[in-house]
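Enquirer: The numbering of the sequence shown is the working numbering, which starts it at 537 and goes up by one.
Heads up, the beta-carbon is just placed ideally off N, CA and C, and yes, glycines get one too.
All values derive from a computational prediction rather than experimental measurement.
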Amino acid sequence: MRRPLAIAFLAAIAAVAVGAASARDTVRAEGPATVLAAASLTEVLPRIDPSVRASFGGSNQLAQQARQGFSFDVFLSASPQYTQALHAEGLVRKPVAFATNTLVLIVPRANQARIATIADLARRRELKLVVAGPKVPIGLYTREVLKRLKLLRVLRKTVSLEPDVKGIVGKVALGEADAGFVYATDVRPVATKVRVIRFPRTAQPTVVYEAAIAARPRDLEAAQAVLISLLGADGRRALRAAGFGLPE
């Protein structure tokens, strides 16, 4: 294990262990950990820990569920924005980074809009672009990319605002949209149905995933086990195999 990640791993476990003996900090529950997880983790999380009971969706929606009192053990967010906010609100314990990702542009395999570069999004008059809303991590990252490339105007061609990245992937793969921005890891399940268009590294946003245990988890031991699986050697191998990067 690389030293920085090892330190983060130990710090995370130490942080969630604080208060473990207090009955007020945890509600004992039978069964697997309940995890609120970013939609882009749909394929990889079951490989890391098949025992978890996961609810996948946009990180912003999941954070709202946590605020509304939904009972959970661990929150896995595609953006530090939401884990850090929940931590500040006292709803989760100290977050720890566990993965990174990159963005790509995808088009249907048929590519009827003849998009070869990201600049073509501005050149095509009749274009159906699908994105996520600005509060969804993939939507926020998409706007960062377009802003850096001075292409924010192409958002006027948006025909659908999706609640999470899987909605974007699905519409492009089915040919219901001409293009959409997704995480590189989301391409693999639909690799035969889409084409990938990459863009300059200088336009890439910093995509970091964070994990945080609930302030009052249903089962603290089960929650800790999820973090151990994520940050351990097997978890890191599974993340790499799925195309994710690891934080420095």
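#1: With a CB to CB cut of under 7 Å and the five nearest residues on each side skipped, what residues in its chain are close to R773?
#2: Do you know offhand how far V580's Cα is from L687's?
#3: For D609, tell me which candidate among Q617, Q760, I764, A769 has the shortest Cα-Cα distance.
#4: Taking buried to mean at least 16 other C-beta atoms within 10 Å of its own C-beta, is V632 buried or exposed?
#5: Kindly list the residues whose CB is nearer than 6 Å to the CB of S765, restricted to its own chain and excluding five residues on each side of it in sequence; keep chain order.
#6: For P741 versus E698, is the C-beta distance shorter than 7 Å?
#7: Thinking C-alpha only, which one of Y719, L682, S696 is nearest T738?
#8: Terminal residues of the continuous alpha helix (DSSP H) containing I642?
#9: Kindly list the residues whose CB is nearer than 7 Å to the CB of T721, restricted to its own chain and excluding five residues on each side of it in sequence; keep chain order.
#10: Under DSSP, the alpha helix (DSSP H) around L622 begins and ends at which residues?
#11: Taking buried to mean at least 16 other C-beta atoms within 10 Å of its own C-beta, is P644 buried or exposed?
#12: Is F611 closer than 7 Å to L715 when the C-beta atoms are compared?
#13: Relative to the C-alpha of F606, which residue among V762, R752, L775 is closest?
Expert: Quick answer:
#1: none
#2: 32 Å
#3: Out of Q617, Q760, I764, A769, Q760 has the C-alpha closest to the C-alpha of D609.
#4: buried
#5: I584, D585, G771
#6: no
#7: L682
#8: Per DSSP, I642 belongs to no alpha helix (DSSP H); it is in the beta strand (DSSP E), 639–644.
#9: S576, N637, A778, G779, F780
#10: 616–624
#11: buried
#12: A quick correction: the sequence has Ala, not Leu, at residue 715. With respect to F611, A715 sits apart: the two C-beta atoms are not nearer than 7 Å.
#13: R752
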